[in-house]
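Heads up, the thing below is written out as structure tokens.
In mature numbering (1 follows the signal peptide of the UniProt record, and there is no 0), the protein residues as written are -17 to -1, 1 to 362.
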């Protein structure tokens, strides 16, 4: 018996050591801490008002190998790049942002470049799908620079492989917010984009270069407002995929199979996926059936297994942001089989009380992940 206990303890120690070996310290930075080509370029950007360090904040992220790709929406003036990357293995006190894929793709006012990236999605084929709403200065005086688009960028080469023009699918009042991408059983990629203002999900057949708008029933709004329309791709295997969606102010969460969305058919196909006991911010998934969320204004992050209807008491607490931080994205780190969190003092940024800039960090959610069921173990 003692021998068995000793062996068990040895195995636990070995597993813990393996887990600890893979853990990377948090990546932290303040405002727009960019890596510039040279000092002269930085001076030109600063003097012309194209760079105001405190006006940059990362709200969404994806991890590719040892890099974190971040979306930097142009909420305010002076954001020189709206898509950038930083290294998980950076040395020094603060990580630096490098425009991704390069500086020339960040030019404000150039419709061949990125204007304001609000969400990104990395697929299994190493393609980054970038949702660019085309509107800048959204927290001050919004300016429509260019039509909205989705840009597909190879993560291996940094080359733009496809641009999807969304202008024919939107209305003047449209507010595009989140993107998810999947490959149909025949290998064709489809992009799904939430449009909160029109109560719609835009569906784009990338290979066919055509898209359409799927209008959701009025019931999905409930008695709330058309504020934020969260979507998340749930992958159950064997092509059995769903889009989970919910308005921030809605008391319900809904889902629909993606093959119905691809067919443009929603009548009678939308499923009630449970009730919320407060306003929740959907943060992301583990690329499987685990959905991560937090309550509005709260630092705790919960995991919900979307195989079961959402109900009070069902989600599991898996993380809590430190004081003054709130999470904006839960991100799978496939190389290390972990979940990570992007968090910042976003409320201070909105209220213009950040001093030199918003404090931002990418950190481990905690615990190891089972590669066969990539959920973080709550410790």
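Using N, Cα and C, we set each Cβ at its ideal position, and we do this for glycine too.
Between the region 331 to 344 and the region 131 to 139, the count of Cβ pairs shorter than 8 Å is below three; the stretches do not touch. Per DSSP, the continuous beta strand (DSSP E) segment holding residue 257 begins and ends at 254 to 258.
If you look at residue 347, you'll find it in the beta strand (DSSP E) that goes 342 to 347. Under the three-state reduction of DSSP output, residue 278 falls in the strand class. When the beta-carbon positions are compared, residue 88 and residue 97 come within less than 8 Å of each other. Taking C-beta atoms as the reference points, residue 171 and residue 188 count as a pair closer than 8 Å. Between residue 153 and residue 110, the gap from beta carbon to beta carbon reaches 8 Å or more.
Here the C-alpha atom of residue 214 lies approximately 42 Å from the C-alpha atom of residue 23. With fewer than 16 neighbouring CB atoms inside 10 Å of its own CB, residue 198 falls in the exposed class. For residue 25, the enclosing alpha helix (DSSP H) starts and ends at 22 to 30.
Residue 298 and residue 265 have their C-alpha atoms spaced approximately 13 Å apart. Annotated as distal: residue 167 and residue 175, with beta-carbon spacing of 8 Å or more. In the structure shown, residue 49 falls within a coil segment according to DSSP collapsed to helix, strand and coil. With respect to residue 269, residue 315 sits close: the two C-beta atoms are nearer than 8 Å. The region 154 to 178 is shown to contain whole beta strand (DSSP E) runs of 3 or more residues at 159 to 166 and 172 to 178, in chain order. Residue 244 carries a helical assignment under DSSP once its states are collapsed to helix, strand and coil.
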